[in-house]
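Student: Quick one: this structure, given as structure tokens, is what I'll be asking you about.
There are 2 protein chains.
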Amino acid sequence: MSVLDKVNFPQDLKTLSLAELQTLADEIRRLLIYKIDATGGHFGPNLGFIEPTIALHYVFNSPTDQVVFDVSHQCYTHKILTGRKAYFTNPAKYHEISGYTNPQESEHDWFVVGHTSTDPSLAVGLAMARDLKKEHRNVIAVIGDGSLSGGEAFEGLDNAAALHTNLIIVVNDNEMSIAPNHGGLYGNLALLRRTQGKGEPNFFKALGFDYVYVDDGNNLPSLIRAFEQVKDTPRPTVVHLHTLKGKGCAQAEQNKEAFHWILPGTLEGKNPPATQDSYDSITVDYFLKKHREDPSFIVLNPATPGAVALTPQIRAQLGEGFADVGIAEEHAVACASGLARAGAKPVLAVLSSFIQRAYDQLSQDLALNNNPAVVLVYGGSISGADATHLGCFDMALLGNIPNLVYLAPTSQEEYLAMLNWAVRQTEHAVAIRVPVGPLAAAGRPVATDYSPLNRFETVVSGREVALLGLGNFYHLAEQVHELLEQQLGIRATLINPRYISGVDRECLDRLTEQHRLVVTLEDGIVEGGFGQKVASCCAKNGLKVLNFGAQKEFTDRVPTEELYRRFHLTPQQIVQDIQNALK
Amino acid sequence: MSVLDKVNFPQDLKTLSLAELQTLADEIRRLLIYKIDATGGHFGPNLGFIEPTIALHYVFNSPTDQVVFDVSHQCYTHKILTGRKAYFTNPAKYHEISGYTNPQESEHDWFVVGHTSTDPSLAVGLAMARDLKKEHRNVIAVIGDGSLSGGEAFEGLDNAAALHTNLIIVVNDNEMSIAPNHGGLYGNLALLRRTQGKGEPNFFKALGFDYVYVDDGNNLPSLIRAFEQVKDTPRPTVVHLHTLKGKGCAQAEQNKEAFHWILPGTLEGKNPPATQDSYDSITVDYFLKKHREDPSFIVLNPATPGAVALTPQIRAQLGEGFADVGIAEEHAVACASGLARAGAKPVLAVLSSFIQRAYDQLSQDLALNNNPAVVLVYGGSISGADATHLGCFDMALLGNIPNLVYLAPTSQEEYLAMLNWAVRQTEHAVAIRVPVGPLAAAGRPVATDYSPLNRFETVVSGREVALLGLGNFYHLAEQVHELLEQQLGIRATLINPRYISGVDRECLDRLTEQHRLVVTLEDGIVEGGFGQKVASCCAKNGLKVLNFGAQKEFTDRVPTEELYRRFHLTPQQIVQDIQNALK
């Protein structure tokens with residue numbers, strides 16, 4: 002019988018010997034390597050945080066003591082030790098739980114999280130509530146070094162340090178963000194590692210924290226000693242652990258960036274790099290070309306270069322033409338605005354789910370100033386992602402900011418034309434929703450100048466029904482167009498709106514003449530989005546409108562096909578709804 | 002002839018003697034006290050930053066050297082020294098310029114700013130552009146100590162410190178935010194002041210900055226020496242100035258919070274505190290009552306307590322039931338979520354213009370987790386404010402976040418009922434748009450339970466036209482209702498929608514029966530807002546809809562009456578538009 006067999010909940014750890022705890026760590030490590038390679042998931046961060054998690058649950062008493070995991074890239078061992086072992090040992094159950102903490106799974110999880118840099122603040126809330134209610138418990142926030150660059154983390158730490166109470170911040174310093182860290186703070190962490198935590202200045206002490214350093218953050222006795230030392234402390238305290246990302250898997254230890262998160266089968270090399278062209282690859286080609294042409298062209302990315310095909314090789318080729326600003330989306334947007342103000346040519350490459358961390362900066366620092374920076378929004382689409390990483394909100398968010406031009410290309414030619422226009426022009430802040438899916442050909446000439454704003458492209462002039470297929474959903478509109486002709490004998494009008502952030506009022510007003518119904522299709526939530534702008538414009542004329550898109554909800558790992566069915570987004574469902582509306 | 006008479010642009014300073022520079026400072030101080038008291042404006046911050054501004058423009062060469070002011074609460078002297086003196090000396094011109102920096106006013110202004118904590122990032126962008134373009138200039142970011150608590154400032158500083166280039170951060174440490182500072186960082190600033198900048202740890206050095214301290218930050222020779230020392234530095238450098246907020250005005254030096262920003266006539270005591278009840282005052286009364294009843298009730302505010310009637314006296318009464326988290330809206334929302342998760346009763350009081358700094362936290366940290374925190378949004382209204390402080394965007398922002406219930410009360414009774422429900426219930430994150438304007442009486446019973454979500458209240462059942470008056474604009478709908486009867490003989494349906502974040506589909510579907518037109522009125526932008534949700538719902542039935550509200554634009558100090566006319570929001574314009582739509 003393995004040690005792991007005997008452990009289901011934190012209390013099962015309490016009676017284990019140090020040797021058994023070490024065996025447990027080894028068993029969990031083998032299990033995680035096998036399981037994550039089978040399902041995909043966060044690999045390096047979890048392998049590096051096995052011993053600290055065992056030590057936390059050995060020393061503290063969850064759920065009386067509250068442990069909050071930042072972003073929860075590192076929570077798998079915690080899940081195994083808190084009643085969810087079967088989901089890691091039984092392949093039939095692999096996909097039944099989330100890759101992140103989730104209170105619906107366990108009383109040991111305090112928040113659904115998936116964006117970084119939040120847990121100092123969340124933990125401050127828990128600690129303040131404890132004190133208001135005069136309860137007694139330790140509140141522990143686990144946060145990675147990479148997450149410390151995010152502004153929310155700083156705001157939380159700054160407030161945490163001013164509390165006169167128990168709050169333990171465990172800094173999991175594996176010397177990496179998703180990609181290498183960037184920012185002055187990381188020089189300080191390096192100094193602290195170099196000096197066994199004794200060096201000055203000390204960032205954490207400067208904020209007012211008590212401070213404990215653990216040099217081998219994967220060594221159980223050291224960890225247990227450190228946690229026992231700070232348990233029940235009446236002071237805000239940082240425990241700085243130096244851990245090894247990917248520990249126990251040579252490939253992951255050596256290539257920390259590639260093994261931060263892996264696809265299934267990565268360890269056996271079943272995932273060779275894509276060789277086919279994609280929207281990501283043609284974007285990178287464009288970046289390289291512009292970089293050669295214009296020394297003031299620069300690509301910014303907030304700590305997710307791999308997710309936008311900016312591999313270490315491409316970054317090296319871009320040289321000064323690339324800057325990873327760390328997990329710092331607010332800074333990324335404001336910095337892009339500053340670059341554009343001074344005449345440089347910044348392009349910010351950012352995921353849909355993360356651009357929402359910088360709404361105020363998009364509005365105030367960028368759009369209000371009309372600085373001609375370009376924002377490329379990747380992964381904007383209805384998807385089966387975790388609730389924390391949905392890409393369906395960006396259009397309702399960016400599309401309602403004054404001055405900001407938000408474009409939705411429908412083909413590779415149109416995308417590159419829009420990108421090139423956006424980079425060359427000097428009048429507007431421009432965001433472009435990078436298409437999702439395989440490269441599509443335009444099959445017709447595309448415009449090169451998008452400065453006459455909010456002009457729709459009418460691709461087919463028909464009657465009865467007008468189909469507006471925005472961005473990714475233009476091809477869905479084409480399919481519906483074909484079905485309408487086949488099944489109902491309707492030759493509909495087909496429109497490529499091109500602009501997310503405004504409607505073509507003239508075009509929409511003209512539709513009243515020969516149309517009974519306007520149909521909008523968008524790859525995002527309907528509420529606050531493009532289609533509702535169209536509805537507002539058409540409804541003043543009494544023209545019927547159907548808006549198709551996602552409902553306003555946090556879907557969680559629901560397969561895309563199921564979401565499409567649920568939201569009435571299959572071509573046949575749309576045709577049926579159109580038929581009903583025309584009755 | 003005064004020294005000020007001779008000075009119009011920075012170059013005019015270069016030939017002045019130190020004595021003349023000092024005289025100039027005294028003259029500007031007298032001018033500012035007189036002018037700000039006449040017009041209202043940021044008082045304390047500007048009085049404390051006269052000598053540093055003179056020294057900056059004496060040592061550096063603007064606009065070749067670029068000086069960026071964070072939030073620009075302290076830019077009046079800069080304006081006087083860069084071609085805009087007449088706007089401070091000539092009462093006829095007082096209102097012709099903005100209270101903030103604005104590139105349209107002067108080539109010495111780099112950005113329109115009005116939200117805090119942005120300029121380290123903006124300046125990093127300027128510095129990076131300079132280096133990419135191989136130009137030579139100093140880039141200087143002026144930032145107050147209060148602004149340093151904002152996450153965007155940290156992200157910017159963290160990136161700035163990692164640059165291997167010239168970037169000078171001037172920290173204007175007047176020992177105050179708008180109200181007193183909160184956060185661990187301020188302990189470190191106090192240590193640095195106490196030790197003449199020599200103490201350890203040093204927050205700025207921990208990030209990697211070179212560091213210079215000036216103890217008397219209002220002493221011209223010290224300032225000039227410090228700036229000359231760092232001019233053309235090849236390193237990111239912090240110049241930490243200890244200045245006196247309100248310097249030269251005894252009242253302002255003694256009562257820094259009250260004199261941060263003043264109304265006209267404040268120095269002569271023409272502005273006694275309001276004694277009439279208001280939405281602010283009944284909110285405070287509610288806070289005090291709840292605090293007495295429930296020790297877990299707590300009010301959070303991010304550094305603008307005065308703007309929401311949380312005076313020092315009220316804060317003292319609330320004691321542990323109040324926390325100013327500093328300029329840290331992201332933390333405020335996440336902390337509220339943590340408090341609610343742990344069973345406390347947090348209410349976050351925040352201005353409309355600033356809640357947009359925490360979109361991701363509202364979505365991920367709060368709404369996704371369904372933690373029952375309450376957010377009170379103040380000042381949400383179409384107004385004649387500066388472009389940086391508009392209150393018209395919050396409904397399009399909060400109204401499209403899943404799970405978040407956003408309520409729009411129309412009277413004091415309804416507001417208190419909603420607030421009480423929001424605090425007591427445990428199912429939803431709830432935001433309430435605090436009504437703007439004088440207290441209104443409901444004149445009818447109001448609901449006490451708002452948990453059946455998205456149910457509109459039909460106040461008058463009529464026909465032909467249905468008027469939906471949301472929140473502040475319910476009373477406008479009442480006026481229109483009356484005019485419709487008087488002028489067109491139409492007894493319209495009058496609806497109080499109550500919910501911003503969703504529509505009552507049943508109610509709207511029923512309207513098709515006896516109505517030809519649905520009219521929505523909302524005190525915010527139409528795009529992405531409530532009315533477009535109604536349009537989307539009604540347009541599927543082919544029902545005509547007119548959406549009234551603000552256009553999507555950054556209006557800048559346009560009088561509210563003019564905005565109403567421009568947006569067709571006067572009762573008579575609305576009636577006219579309705580009449581046209583019914584033709």
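Protein chains in written order, with the numbering used here: chain A, 2 to 584; chain B, 2 to 584. All C-beta atoms, glycine included, are put in the ideal place defined by N, C-alpha and C. Given the structure is predicted, the values throughout are model-derived calculations rather than measurements.
Could you please give the first and the last residue of the uninterrupted alpha helix (DSSP H) stretch that includes residue 79(B)?
Tutor: As a working note, residue 79(B) is residue 78 in the second sequence. Looking at the DSSP string, the run of the alpha helix (DSSP H) that includes residue 79(B) is 77–82.
Student: Tell me the DSSP secondary structure of residue 214(A) in three-state form.
Tutor: The residue you call residue 214(A) lines up with position 213 of the first sequence. Residue state, collapsed to three classes: strand.
Student: Please confirm if residue 340(B) has its CB atom under 7 Å from at least one CB of chain A.
Tutor: Taking the first residue of the second sequence as position 1, residue 340(B) is located at position 339. Yes, residue 340(B) lies at the interface with chain A (some Cβ there is under 7 Å from its Cβ).
Student: Give the single residue among 399(A), 189(A), 535(A) and 85(A) whose Cα lies nearest to the Cα of residue 29(A).
Tutor: Mapped onto the first sequence, residue 29(A) falls at position 28. Nearest option by C-alpha distance: 85(A).
Student: Listing by chain order, which chain A residues have their CB less than 7 Å from the CB of residue 403(B)?
Tutor: As a working mapping, residue 403(B) is identified with position 402 in the second sequence. Here the neighbours are 553, 554 and 555.
Student: So, helix, strand or coil for residue 237(B), using DSSP?
Tutor: Along the second sequence, read from residue 1 onward, the residue named residue 237(B) stands at position 236. In the structure shown, residue 237(B) sits in a strand (DSSP, three-state: E or B).
Student: With a CB to CB cut of under 8 Å and the five nearest residues on each side skipped, what residues in its chain are close to residue 590(B)?
Tutor: What is shown of chain B runs 2 to 584, which leaves residue 590(B) out entirely.
Student: How many Å lie between residue 420(B) and residue 446(B) at the Cα?
Tutor: Sequence index remark: in the second sequence, residue 420(B) carries index 419 (1-based). Sequence index remark: in the second sequence, residue 446(B) carries index 445 (1-based). So the alpha carbons of these two residues sit roughly 16 Å apart.
Student: Measuring alpha carbon to alpha carbon, tell me which residue in 43(B), 548(B), 532(B) and 576(B) is nearest residue 484(B).
Tutor: Here residue 484(B) corresponds to residue number 483 of the second sequence, with the count starting at 1. Among 43(B), 548(B), 532(B) and 576(B), the Cα nearest to that of residue 484(B) belongs to 576(B).
Student: If you measure from the beta carbon of residue 568(B) to each beta carbon in chain A, is any gap under 7 Å?
Tutor: As a working mapping, residue 568(B) is identified with position 567 in the second sequence. Taking Cβ atoms only, chain A never reaches closer than 7 Å to residue 568(B), which makes this a no.
Student: Nearest CA to the CA of residue 503(B): which residue from 553(A), 8(A) and 225(A)?
Tutor: By 1-based counting over the second sequence, the position of residue 503(B) is 502. Minimum Cα distance to residue 503(B) is reached at 553(A).
Student: Under 8 Å by Cβ, that's how I've got residue 527(B) and residue 550(B) pegged, so tell me the actual separation to the nearest angstrom.
Tutor: The sequence position of residue 527(B) within the second sequence is 526, counting from 1. The sequence position of residue 550(B) within the second sequence is 549, counting from 1. Going by Cβ atoms, the distance from residue 527(B) to residue 550(B) rounds to 4 Å, so yes, they are a contact pair.
Student: Please state the DSSP three-state secondary structure of residue 55(B).
Tutor: As a working note, residue 55(B) is residue 54 in the second sequence. In the structure shown, residue 55(B) sits in a helix (DSSP, three-state: H, G or I).
Student: Which residue or residues does DSSP assign as beta-bridge partners of residue 347(A)?
Tutor: Taking the first sequence and counting its residues from 1, the one referred to as residue 347(A) is at position 346. Its beta-bridge partners are 299(A).
Student: Using beta carbons (cut-off 7 Å, strictly below), is residue 360(A) in contact with chain B?
Tutor: Taking the first residue of the first sequence as 1, we reach residue 360(A) at position 359. True, the Cβ-Cβ gap to chain B drops below 7 Å.
Student: Using 8 Å as the Cβ pair cut-off and three pairs as the minimum, do the region 106–124 of chain B and the region 146–158 of chain B touch?
Tutor: Short answer: they touch.
Student: Pop quiz: residue 432(A) and residue 399(A) are said to be a contact at Cβ under 8 Å. What is the actual Cβ separation, rounded to whole angstroms?
Tutor: Here residue 432(A) refers to the residue found at position 431 of the first sequence. Here residue 399(A) refers to the residue found at position 398 of the first sequence. Yes, they are in contact, since the Cβ atoms of residue 432(A) and residue 399(A) sit about 5 Å apart, within 8 Å.
Student: Give the DSSP-derived three-state secondary structure of residue 545(A) in the structure shown.
Tutor: Counting from 1 along the first sequence, the entry for residue 545(A) is found at position 544. Strand, per DSSP.
Student: Does the structure place the region 447–462 of chain B close enough to the region 301–310 of chain B that three or more beta carbon pairs sit under 8 Å?
Tutor: Because the criterion of three Cβ pairs below 8 Å is not met, the region 301–310 of chain B and the region 447–462 of chain B do not touch.
Student: Give the DSSP-derived three-state secondary structure of residue 468(A) in the structure shown.
Tutor: Against the first sequence, residue 468(A) aligns to sequence position 467. Correct three-state label for residue 468(A): strand.
Student: Comparing alpha-carbon positions, which option in 371(B), 388(B), 395(B) and 369(B) lies nearest residue 380(B)?
Tutor: Stepping through the second sequence from its first residue, residue 380(B) is reached at position 379. Nearest option by C-alpha distance: 395(B).
Student: What would DSSP say about residue 307(B), mapped onto helix, strand or coil?
Tutor: In the second sequence, counting from the first residue as 1, residue 307(B) sits at position 306. In the structure shown, residue 307(B) sits in a helix (DSSP, three-state: H, G or I).
Student: Hey, residue 95(B) and residue 225(B) are a contact pair by Cβ (cut 8 Å); roughly how many whole angstroms apart?
Tutor: Within the second sequence, the letter at position 94 stands for residue 95(B). Within the second sequence, the letter at position 224 stands for residue 225(B). Their Cβ separation, rounded to whole angstroms, is 31 Å, which puts residue 95(B) and residue 225(B) out of contact at 8 Å.
Student: With a threshold of 7 Å between beta-carbons, can residue 176(B) be considered close to chain A, or not?
Tutor: Your numbering for residue 176(B) matches position 175 in the second sequence. So no, residue 176(B) is outside the interface.
Student: Roughly how many whole angstroms lie between the Cα atoms of residue 270(A) and residue 457(B)?
Tutor: To locate residue 270(A), count along the first sequence from 1; it is residue 269. To locate residue 457(B), count along the second sequence from 1; it is residue 456. Each residue's alpha carbon lies about 58 Å from the other.
Student: Determine the direct distance from the alpha carbon of residue 450(A) to that of residue 139(B), and round the result to whole angstroms.
Tutor: Taking the first residue of the second sequence as 1, we reach residue 139(B) at position 138. Taking the first residue of the first sequence as 1, we reach residue 450(A) at position 449. Going from the Cα of residue 139(B) to the Cα of residue 450(A) covers about 36 Å.
Student: Can you list, in chain order, the residues of its chain whose CB lies under 6 Å from that of residue 365(B), leaving out five sequence neighbours each side?
Tutor: Counted from its first residue, the second sequence places residue 365(B) at position 364. Nothing listed; no residue qualifies.
Student: Taking buried to mean at least 16 other C-beta atoms within 10 Å of its own C-beta, is residue 325(B) buried or exposed?
Tutor: Residue numbering aside, residue 325(B) sits at position 324 when the second sequence is read from its first letter. With 16 or more other Cβ atoms within 10 Å, it is buried.
Student: Using a C-beta to C-beta distance shorter than 9 Å, which residues of chain B count as neighbours of residue 203(A)?
Tutor: Translated into positions along the first sequence, residue 203(A) becomes position 202. Per Cβ cutoff of 9 Å: 201, 202 and 207.
Student: For the ligand ADP, is there any heavy atom lying closer than 6 Å to the beta carbon of residue 583(A)?
Tutor: This structure does not include the ligand ADP; it has no bound ligands of any sort.
Student: Would you say residue 148(A) reaches chain B, if we count a Cβ-Cβ gap shorter than 7 Å as a contact?
Tutor: Working through the first sequence from its first residue, we reach residue 148(A) at position 147. No, residue 148(A) lies away from the interface with chain B (no Cβ there is under 7 Å from its Cβ).
Student: Touch check for the region 200–211 of chain B and the region 101–109 of chain B: three-plus C-beta pairs under 8 Å?
Tutor: Judged by Cβ distances under 8 Å, the region 200–211 of chain B makes no contact with the region 101–109 of chain B, as fewer than three pairs qualify.
Student: Could you please tell me which residues of the region 117–133 of chain A, in chain order, have their CB closer than 7 Å to any CB of chain B?
Tutor: Cβ contacts with chain B: 119, 122, 123, 124, 125, 126, 127, 129, 130, 131 and 133.
Student: How about residue 550(B): is its C-beta nearer than 7 Å to some C-beta of chain A?
Tutor: Here residue 550(B) is taken as the residue at index 549 of the second sequence, counted from 1. Residue 550(B) does not count as touching chain A.
Student: Helix, strand or coil for residue 260(A)? Go by DSSP, reduced to three states.
Tutor: Taking the first sequence and counting its residues from 1, the one referred to as residue 260(A) is at position 259. Of the three classes helix, strand and coil, the one that applies to residue 260(A) here is coil, per DSSP.
Student: Beta-carbon within less than 6 Å of residue 36(B)'s beta-carbon, same chain only, minus the 5 sequence neighbours each way: which residues are those?
Tutor: To locate residue 36(B), count along the second sequence from 1; it is residue 35. Excluding positions up to five away in sequence, the list reads 89.
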